[in-house]
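Structure record follows, encoded as structure tokens.
In our numbering, the protein residues as written are 5 to 296.
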């Protein structure tokens, strides 16, 4: 799923007190279920895993799936299922921080650009568009060259790369809210821009923020896996789904399951957040009913 375009997402902004929620879409339920399972597995890894995911055990090297090792072991004798569990924690942590950074910067930027005079808003958005020229992978490589590869560098790079998507989306919603009668009345009554932003704009674009956050989380999961695969993400010995794929390359002809399990984990997590984003968009967008 790609980032929702501004026109489609802006339609989810409705005047205060008139937003009508439709029945919960099936994609929302399925996506929420997958996300809860992934989140539950990550939380469970803090207190329990079948084996120590970082323990090297040469005697158990390349064990096939069994009652003792549910997904088998890798070339170092580490339990694959335990690594999947702990890798979910790393992936979700990177996603939460990256989306948080993008939202904390992109949402205020979008509101300011939407409420500011035309030339200033356009200037902000042109500067925002410059960031689009630097995708997460390129930003991470640049930051890694200066600060060294690591989880923090990956989180910051992914977050910065996601700022333009939040800003453009929220600006479109803000422009529509600013044309509503209750905002015009508030301005005529002398209410200041800051009060209008908090009282009228932010509550009405909150649906956009939620939808974009879920979609951005799926993008962050993929980005973290790609960066770890290339060696710019979470450093060893902390398990990461992307690095598990990278380490499995030389064992594809012997033990292809080493690539299958983390690959499925990444695909399921991304699918869950994408379905969650689709379901939230369907629930908040009043025009979706007309499109069916």
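Using N, Cα and C, we set each Cβ at its ideal position, and we do this for glycine too.
Kindly list the residues whose CB is nearer than 7 Å to the CB of residue i, restricted to its own chain and excluding five residues on each side of it in sequence; keep chain order.
i, result
"residue 276", "35, 38, 39, 42"
"residue 136", "168"
"residue 102", "159, 162, 163, 166, 224"
"residue 230", "141, 246"
"residue 255", "79, 262"
"residue 148", "157, 236"
Given this structure, state the Cα-to-Cα distance separating residue i from residue j, to the nearest angstrom.
i, j, result
"residue 61", "residue 283", "44 Å"
"residue 233", "residue 220", "20 Å"
"residue 131", "residue 120", "15 Å"
"residue 144", "residue 63", "37 Å"
"residue 245", "residue 172", "31 Å"
"residue 212", "residue 191", "24 Å"
"residue 153", "residue 215", "30 Å"
"residue 285", "residue 218", "10 Å"
"residue 80", "residue 225", "25 Å"
"residue 250", "residue 188", "56 Å"
"residue 92", "residue 260", "21 Å"
"residue 150", "residue 267", "30 Å"
"residue 68", "residue 133", "49 Å"
"residue 107", "residue 257", "43 Å"
"residue 253", "residue 263", "7 Å"
"residue 335", "residue 52", "It is not possible to answer for residue 335, since the shown part of the chain is limited to 5 through 296."
"residue 71", "residue 57", "16 Å"
"residue 186", "residue 195", "11 Å"
"residue 96", "residue 50", "13 Å"
"residue 74", "residue 269", "15 Å"
"residue 112", "residue 54", "44 Å"
"residue 123", "residue 248", "49 Å"
"residue 44", "residue 100", "15 Å"
I'd like the list of long-range same chain contacts for residue i, defined as Cβ closer than 8 Å, with 5 residues on each side in sequence excluded.
i, result
"residue 115", "174, 175, 178, 201, 205, 206, 209"
"residue 33", "283"
"residue 197", "119"
Starting from the C-beta of residue i, find all residues in its chain whose C-beta is less than 6 Å away, skip the five residues before and the five after it, and write them out in chain order.
i, result
"residue 138", "none"
"residue 117", "125, 128, 129, 175"
"residue 31", "279, 282, 283"
"residue 155", "238"
"residue 240", "none"
"residue 105", "163"
"residue 273", "42, 225"
"residue 222", "274, 277, 278"
"residue 292", "A caution first: residue 292 carries a pLDDT of 49, below 50, which makes its placement in the model unreliable, though a value can still be read off. Within the same chain, residue 292 has close Cβ partners 286."
Going by the DSSP bridge assignment, what does residue i pair with across the sheet?
i, result
"residue 77", "83"
Using the rule of at least 16 other Cβ atoms within 10 Å of the residue's Cβ for burial, across every protein chain shown, is residue i buried or exposed?
i, result
"residue 170", "buried"
"residue 183", "exposed"
"residue 158", "buried"
"residue 65", "exposed"
"residue 146", "exposed"
"residue 271", "exposed"
"residue 265", "buried"
"residue 87", "buried"
"residue 110", "buried"
"residue 227", "buried"
"residue 199", "exposed"
"residue 193", "exposed"
"residue 295", "Any reading at residue 295 needs caution, since the residue's pLDDT is 45, under 50, leaving its predicted position unreliable; the model's value is listed next. Classification for residue 295: exposed."
"residue 6", "Residue confidence for residue 6 is low, a pLDDT of 45 falling below 50, so the modelled location carries little weight; the figure read from the coordinates is stated next. Classification of residue 6: exposed, given that the 10 Å Cβ count is below 16."
Between residue i and residue j, which are expected to be in contact by the criterion C-beta below 8 Å, what is the C-beta distance as a whole number of angstroms?
i, j, result
"residue 162", "residue 84", "About 26 Å separates the two Cβ atoms, so there is no contact after all."
"residue 48", "residue 89", "7 Å"
"residue 243", "residue 94", "7 Å"
"residue 28", "residue 203", "So it is not a contact: roughly 29 Å between Cβ atoms."
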